[in-house]
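Novice: Protein chains in written order, with the working numbering: chain Y, 1 to 115; chain E, 116 to 229.
Ideal Cβ positions, reconstructed from N, Cα and C, are used throughout, including at glycine.
All values reported here derive from a predicted model rather than from experimental measurement.
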Amino acid sequence: AQSVSQHNHHVILSEAASLELGCNYSYGGTVNLFWYVQYPGQHLQLLLKYFSGDPLVKGIKGFEAEFIKSKFSFNLRKPSVQWSDTAEYFCAVIPFTGGGNKLTFGTGTQLKVEL
Amino acid sequence: DVKVTQSSRYLVKRTGEKVFLECVQDMDHENMFWYRQDPGLGLRLIYFSYDVKMKEKGDIPEGYSVSREKKERFSLILESASTNQTSMYLCASSTRQGERYGYTFGSGTRLTVV
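1) Of all the beta strand (DSSP E) runs that stay within the bounds of the stretch 194-224 of chain E, which reach a length of 3 or more residues?
2) Less than 9 Å between the C-beta atoms of E:LEU205 and E:TRP149, yes or no?
3) Would you check if the distance between the CB atom of Y:LYS49 and the CB atom of Y:VAL57 is smaller than 9 Å?
4) With burial defined as no fewer than 16 other Cβ atoms inside 10 Å of the residue's Cβ, what is the status of E:SER197: buried or exposed?
5) Y:ASN24 touches chain E at which residues, Cβ-Cβ below 8 Å?
6) Grab me the residues of E:HIS144's own chain with a C-beta within less than 7 Å of its C-beta, minus the 5 sequence neighbours each way, in chain order.
7) Do E:VAL167 and E:GLN200 have their beta-carbon atoms positioned less than 9 Å apart in this structure?
8) State the CB to CB distance for the pair E:ARG151 and E:SER222, rounded to an integer number of angstroms; the pair is presumed to be in contact (CB under 8 Å).
9) When you compare the CB of E:ARG211 with every CB in chain Y, is at least one pair closer than 9 Å?
10) Mapping the DSSP letters down to three states, classify E:GLY178 as helix, strand or coil.
11) Between E:ARG129 and the rest of its own chain, which residues show a CB-CB distance below 8 Å, the 5 nearest in sequence each way excluded?
12) Run through chain E and tell me which residues come within less than 7 Å of Y:THR107, C-beta to C-beta.
13) Taking E:TYR218 as the reference, which of E:ARG159, E:ASN146 and E:THR120 has the closest Cα?
14) Over the uninterrupted beta strand (DSSP E) stretch that includes E:ARG151, give me the two end residues.
15) When you compare each of Y:GLY106, Y:PRO95 and Y:LYS112 to Y:PHE51 by their alpha carbons, which one comes out closest?
16) How many angstroms separate the CA atom of Y:LEU44 from the CA atom of E:GLY131?
17) Tell me the DSSP bridge mates of E:ARG183?
18) Could you please give me the residues that DSSP links to Y:PRO95 through a beta bridge?
19) I'd like to confirm the pairing. Which residues does DSSP put opposite Y:LYS49 in its beta bridges?
20) Contact check, Y:THR107 vs Y:HIS10 under 8 Å by CB: the rounded distance?
21) Using a beta-carbon distance cut-off of less than 8 Å, what residues from the stretch 177-195 of chain E approach chain Y?
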């Protein structure tokens, strides 16, 4: 079965530190990739997405992610985090099969940014 | 602003009760989804629907059913609530091209079964 792995469950950083959250998926075919963020008490919001073209995608709030097909990875990065980036981050995958578009999520990474 | 609205933010129900969770979207989206979110487990798909009166099982459908009588409304039903169904339930919707644009999520319903 297709799966999505996020190896960092909890990350604590100081403001201005750089961030990289890992995401690996197991599906062998073409995939569409997403990062969602859930701020405390808020609904899930789309940070960025990749479905074709430049493997380095830029999203909102200074986030970016790089798709490395050979490594089945889609890691999220931000050069300098802020306290307001404290949230839970979810990587998600949809296989491009044309037969449906079910989004499969990773287990999430809880990021805490300290002042 | 497009919206997915879940009727209740918090619910407390007793074991054995039949529970209805309602979700309405105003974006004319074809696809609707129900997930549950548990700490350390992420979001897991319960059921989804690609059209009115259509439904398909997700990864964890046991103990749940759904109803989609109108395009904008997708209901999740817990036939006989149990304590292991205590969770945050998230509804989402997407266009038919959801694989390109992603989903829009509601704010969630936190259900406690006692």
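Specialist: In short, the structure shows the following:
1) 202-209
2) One-based indexing of the second sequence puts residue 205 of chain E at position 90. One-based indexing of the second sequence puts residue 149 of chain E at position 34. The answer is yes: Cβ separation under 9 Å.
3) If you number the first sequence from 1, residue 49 of chain Y lands on position 49. If you number the first sequence from 1, residue 57 of chain Y lands on position 57. Yes, the pair counts as a contact, with Cβ atoms nearer than the cut-off.
4) On the second sequence, position 82 is the one that residue 197 of chain E refers to. Flag for E:SER197 reads exposed.
5) The sequence position of residue 24 of chain Y within the first sequence is 24, counting from 1. The premise fails here: Y:ASN24 is roughly 14 Å from chain E at the closest Cβ pair, so nothing lies under 8 Å.
6) Position 29 of the second sequence holds residue 144 of chain E. Only SER208, SER209 and THR210 meet the Cβ criterion.
7) Taking the first residue of the second sequence as 1, we reach residue 200 of chain E at position 85. Taking the first residue of the second sequence as 1, we reach residue 167 of chain E at position 52. Cβ distance not < 9 Å, so E:GLN200 and E:VAL167 don't count as in contact.
8) As a position in the second sequence, residue 151 of chain E is number 36, starting the count at 1. As a position in the second sequence, residue 222 of chain E is number 107, starting the count at 1. Contact doesn't hold; Cβ gap of about 15 Å is too wide.
9) Taking the first residue of the second sequence as 1, we reach residue 211 of chain E at position 96. Answer yes: the Cβ-Cβ gap between E:ARG211 and chain Y drops below 9 Å somewhere.
10) Position 63 of the second sequence, counted from the start, is the residue given in the question as residue 178 of chain E. In the structure shown, E:GLY178 sits in coil (DSSP, three-state: anything other than H, G, I, E or B).
11) For this step, residue 129 of chain E is matched to residue 14 along the second sequence. Only ALA196, VAL228 and VAL229 meet the Cβ criterion.
12) The count along the first sequence starts at 1 and reaches residue 107 of chain Y at position 107. Under the 7 Å cutoff, chain E gives GLY155, LEU156 and GLY157.
13) Locating residue 218 of chain E in the second sequence gives position 103, where the first residue counts as 1. Nearest C-alpha to E:TYR218: E:ASN146.
14) Mapped onto the second sequence, residue 151 of chain E falls at position 36. Per DSSP, E:ARG151 belongs to the beta strand (DSSP E) from 146-153.
15) Your numbering for residue 51 of chain Y matches position 51 in the first sequence. Of Y:GLY106, Y:PRO95 and Y:LYS112, the residue nearest in Cα terms is Y:PRO95.
16) Taking the first sequence and counting its residues from 1, one reaches residue 44 of chain Y at position 44. Taking the second sequence and counting its residues from 1, one reaches residue 131 of chain E at position 16. About 30 Å.
17) Within the second sequence, numbered from 1, the residue matching residue 183 of chain E stands at position 68. Note: E:ARG183 sits in no beta bridge, so no partner.
18) Numbered from its first residue, the first sequence carries residue 95 of chain Y at position 95. Beta-bridge pairing links Y:PRO95 to Y:VAL31.
19) Taking the first residue of the first sequence as 1, we reach residue 49 of chain Y at position 49. DSSP lists Y:PHE34 as partners of Y:LYS49.
20) Here residue 107 of chain Y refers to the residue found at position 107 of the first sequence. Here residue 10 of chain Y refers to the residue found at position 10 of the first sequence. Going by Cβ atoms, the distance from Y:THR107 to Y:HIS10 rounds to 11 Å, so no, they are not a contact pair.
21) Within the stretch 177-195 of chain E, contact with chain Y at the beta-carbon level (separation under 8 Å) is assigned to no residue.
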